[in-house]
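Undergrad: Protein chains in written order, with the working numbering: chain A, 4 to 282; chain B, 4 to 282. Below is the structure I would like to discuss, written out as structure tokens.
There are 2 protein chains.
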Amino acid sequence: MITHYECIPCAINGILNLFNQNLIDIKHKDKIMRELLKYYSELDFSNSPLFVNKTIHKMVREISCNPDPYKCLKDKYNEIALKLYPEYKQIVETDENRLSKALRLAIAGNIIDFGPGHTIDINKSIENIFNSKLSIDHSEALFKEIKKAKNIFYIVDNTGEIVFDRIFLETINHPNITVAVKSSPILNDATMEDARLVGLNKLATIINNGDNAPGTLLNSVSDEFTNAFNSADLIISKGQGNYEGLNNCKDKNIFFLLVAKCDIIAKDLGVKNGGFIVK
Amino acid sequence: MITHYECIPCAINGILNLFNQNLIDIKHKDKIMRELLKYYSELDFSNSPLFVNKTIHKMVREISCNPDPYKCLKDKYNEIALKLYPEYKQIVETDENRLSKALRLAIAGNIIDFGPGHTIDINKSIENIFNSKLSIDHSEALFKEIKKAKNIFYIVDNTGEIVFDRIFLETINHPNITVAVKSSPILNDATMEDARLVGLNKLATIINNGDNAPGTLLNSVSDEFTNAFNSADLIISKGQGNYEGLNNCKDKNIFFLLVAKCDIIAKDLGVKNGGFIVK
Chain A
4 MITHYECIPC AINGILNLFN QNLIDIKHKD KIMRELLKYY SELDFSNSPL
54 FVNKTIHKMV REISCNPDPY KCLKDKYNEI ALKLYPEYKQ IVETDENRLS
104 KALRLAIAGN IIDFGPGHTI DINKSIENIF NSKLSIDHSE ALFKEIKKAK
154 NIFYIVDNTG EIVFDRIFLE TINHPNITVA VKSSPILNDA TMEDARLVGL
204 NKLATIINNG DNAPGTLLNS VSDEFTNAFN SADLIISKGQ GNYEGLNNCK
254 DKNIFFLLVA KCDIIAKDLG VKNGGFIVK
Chain B
4 MITHYECIPC AINGILNLFN QNLIDIKHKD KIMRELLKYY SELDFSNSPL
54 FVNKTIHKMV REISCNPDPY KCLKDKYNEI ALKLYPEYKQ IVETDENRLS
104 KALRLAIAGN IIDFGPGHTI DINKSIENIF NSKLSIDHSE ALFKEIKKAK
154 NIFYIVDNTG EIVFDRIFLE TINHPNITVA VKSSPILNDA TMEDARLVGL
204 NKLATIINNG DNAPGTLLNS VSDEFTNAFN SADLIISKGQ GNYEGLNNCK
254 DKNIFFLLVA KCDIIAKDLG VKNGGFIVK
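Okay, structure coming up:
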């Protein structure tokens with residue numbers, strides 16, 4: 004996937020969102036904005052949005068002298084989601100079709116993404132997806148693959164969302180699951196610390212992906228990630244960033260669970276922006 | 004008014020809108036986008052959005068070797084509005100409160116602005132404003148001033164919209180009206196050619212403002228404009244761009260008719276984005 008001109012205002016709005024939440028010291032704002040604009044003015048647009056956003060956020064961290072500007076938001080979203088855990092765990096447990104409900108919950112969790120600057124409302128999102136038709140729905144095929152798989156590789160996306168991934172993984176109840184997280188902070192993406200905080204380590208082996216792009220860049224990940232990816236019977240990939248990086252791996256048994264959050268991805272998927280996807 | 008960071012994605016989206024409507028030859032797009040980004044990366048943000056947008060669109064015209072990239076859209080909107088003229092003329096003529104109806108029509112016309120890239124629907128906008136409460140409503144004061152005024156200076160904004168300005172000016176039916184237009188093309192703003200096309204010259208003296216900022220920059224306008232502005236008993240200013248340039252003229256008898264189309268202007272006016280204003 005190449006970078007489109009439309010990615011530029013989206014990236015700027017993401018940075019403005021960071022500014023407007025006072026997550027960047029005011030004295031660094033001007034330099035960050037100017038460097039961001041200069042970077043795009045000289046960009047080779049054949050680079051992927053994942054590479055571009057990785058570069059931009061490295062620059063933000065360096066200029067702001069802050070290794071994790073999203074830290075307090077990430078903590079807040081993990082905390083909010085953990086508070087919601089008992090309620091939604093029970094909703095799933097008491098549902099006629101537990102697996103389907105847990106799957107929808109895992110997709111709903113993907114709306115929790117404060118990177119691109121969207122307004123969010125967790126409960127409303129969950130209610131919405133519980134009652135909505137999926138724009139692409141290969142869930143029955145996914146459930147068959149889960150039953151057959153000897154090992155499952157689950158690539159998570161964001162903090163907060165991973166609490167709902169936990170409920171989904173508990174419902175799958177498979178003995179051999181590996182979960183991949185980012186090796187260091189980028190946007191609100193989940194790291195090892197977050198995975199442990201929400202208890203994913205009790206259900207699965209957690210590995211670092213060796214990178215901190217806001218998705219999976221296969222040419223940048225660790226050998227450990229590559230080995231787990233290549234040896235998995237079934238790969239479940241969460242979110243837009245991982246879809247961007249992996250949607251061309253046609254020889255792999257990958258299912259993508261995501262909410263299409265931008266026009267470019269929605270067009271690529273052939274759905275409307277905001278569509279819920281199991282593909 | 005200074006330029007805000009929020010103006011940057013808005014300006015980029017305006018240019019993308021121009022690109023996506025194929026109003027710029029594909030071979031010029033890359034240079035325009037890079038120059039735009041470079042310009043903002045080096046900008047003195049104390050400059051007004053009017054000055055900045057004037058500069059940006061000068062650059063767009065130069066790179067694209069096109070003195071009026073919006074020409075076909077402007078013609079289209081004049082044509083659409085002229086077709087709507089008989090219907091809305093009759094609606095105003097048969098209304099109990101003709102002046103109030105014509106005023107609302109003139110404000111509704113201000114939604115026809117394809118500069119910032121908003122979706123528009125003329126009939127829906129008009130219906131909406133006919134049925135909406137104005138966010139700021141000094142219309143009774145305006146009507147009193149119209150009755151008292153010996154001469155009225157009316158500063159128009161966009162093509163298409165000027166057809167509805169015509170109905171408002173016909174309803175005012177004042178013997179001494181001067182209308183100011185831009186001296187040369189900028190965005191979809193009305194010029195002398197447009198004013199004559201829709202027949203404003205039959206109701207008023209039309210003058211060029213001596214500039215082509217997308218609003219009124221008092222330090223850039225012609226002496227003719229300045230004289231008409233200073234000698235008017237009543238000034239009626241249409242749209243955001245003229246509001247941006249004139250809202251600090253506290254010693255003048257100015258009424259602003261506009262739709263607040265961005266968060267910065269809405270905040271300045273103390274209303275919600277999308278609010279209808281007679282101030």
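Note that the Cβ used here is the ideal one computed from N, Cα and C, for glycine as well.
Thinking C-alpha only, which one of D47(B), M62(B), K41(B) and I29(B) is nearest L190(B)?
TA: M62(B)
Undergrad: Against chain A, which members of the segment 37-50 of chain B pass a CB distance test of less than 9 Å?
TA: Cβ contacts with chain A come from R37, E38, L39, L40, K41, Y42, Y43, S44, E45, L46 and F48.
Undergrad: Going by the CB atoms, is the gap between P217(B) and D197(B) shorter than 9 Å?
TA: No, the Cβ-Cβ distance between D197(B) and P217(B) is not below 9 Å.
Undergrad: Which residue's Cα is closest to the Cα of S138(A): T6(A), M4(A), Y80(A) and A269(A)?
TA: A269(A)
Undergrad: Taking the alpha carbon of N296(B) as the point to measure from, which residue in D98(B), N256(B) and N204(B) has its own alpha carbon closest?
TA: This structure cannot settle anything about residue 296(B), because the visible part of chain B is limited to 4 through 282.
Undergrad: Below 8 Å, how does it come out for the segment 74-82 of chain A and the segment 33-43 of chain A: are there three or more Cβ pairs, yes or no?
TA: The segment 74-82 of chain A vs the segment 33-43 of chain A: no contact.
Undergrad: Using only CA atoms, which one of L172(B), D140(B) and I280(B) lies nearest to G242(B)?
TA: I280(B)
Undergrad: Check the Cβ-Cβ distances between L19(B) and every residue of chain A, and say whether any is below 9 Å.
TA: yes
Undergrad: So if DSSP puts Y157(B) in a beta bridge, which residue, or which two residues, is it bridged to?
TA: V182(B) and I239(B)
Undergrad: P89(A) versus chain B: which residues are under 7 Å apart at the beta carbon?
TA: Ordered by position in chain B, no residue passes the 7 Å Cβ test against P89(A), which lies about 38 Å from the chain.
Undergrad: Classify S68(B): buried if its beta carbon has 16 or more other beta carbons within 10 angstroms, exposed otherwise.
TA: In the sequence as displayed, the identity of residue 68(B) is Cys instead of Ser. C68(B) should be labelled exposed.
Undergrad: How long is the line joining the alpha carbons of K185(A) and I27(A), rounded to whole angstroms?
TA: 22 Å
Undergrad: With distances taken Cα to Cα, identify the nearest neighbour of L260(B) among N154(B), K282(B), K253(B) and C252(B).
TA: K282(B)
Undergrad: Go to V166(B), then tell me how far its alpha helix (DSSP H) extends in each direction, as first and last residue.
TA: E164 to I175
Undergrad: What are the boundary residues of the beta strand (DSSP E) that includes T208(A)?
TA: T208 to N211
Undergrad: With a Cβ-Cβ cutoff of 9 Å, do S51(A) and I158(A) count as a contact?
TA: no
Undergrad: When Cβ atoms are compared, which residues of the segment 162-195 of chain A fall closer than 8 Å to chain B?
TA: none
Undergrad: Per the DSSP calculation, Y279(B) is bridged to which residue(s)?
TA: A quick correction: the sequence has Phe, not Tyr, at residue 279(B). V262(B).
Undergrad: In three-state terms, what does DSSP make of D214(B)?
TA: coil
Undergrad: Near G277(B), which residues of its chain fall below 8 Å by C-beta distance, leaving aside the five closest residues on each side in sequence?
TA: V262, A263, K264 and A269
Undergrad: Quick check on P119(B) - is its C-beta less than 9 Å from some C-beta in chain A?
TA: Residue placement at P119(B) cannot be trusted, given a pLDDT of 42 that sits under 50; what the coordinates show is reported in the next sentence. For P119(B), the answer is no, since every Cβ of chain A falls outside 9 Å of its Cβ.
Undergrad: In terms of residues, what are the limits of the alpha helix (DSSP H) holding F48(B)?
TA: Careful: F48(B) lies outside any alpha helix (DSSP H) and carries neither H nor E.
Undergrad: Using a Cβ-Cβ distance cut-off of 9 Å, determine whether E247(A) contacts chain B.
TA: For E247(A), the answer is no, since every Cβ of chain B falls outside 9 Å of its Cβ.
Undergrad: Is it true that the CB of L237(B) sits closer than 9 Å to the CB of A109(B)?
TA: Against a cut-off of 9 Å, the Cβ pair of L237(B) and A109(B) comes out as no contact.
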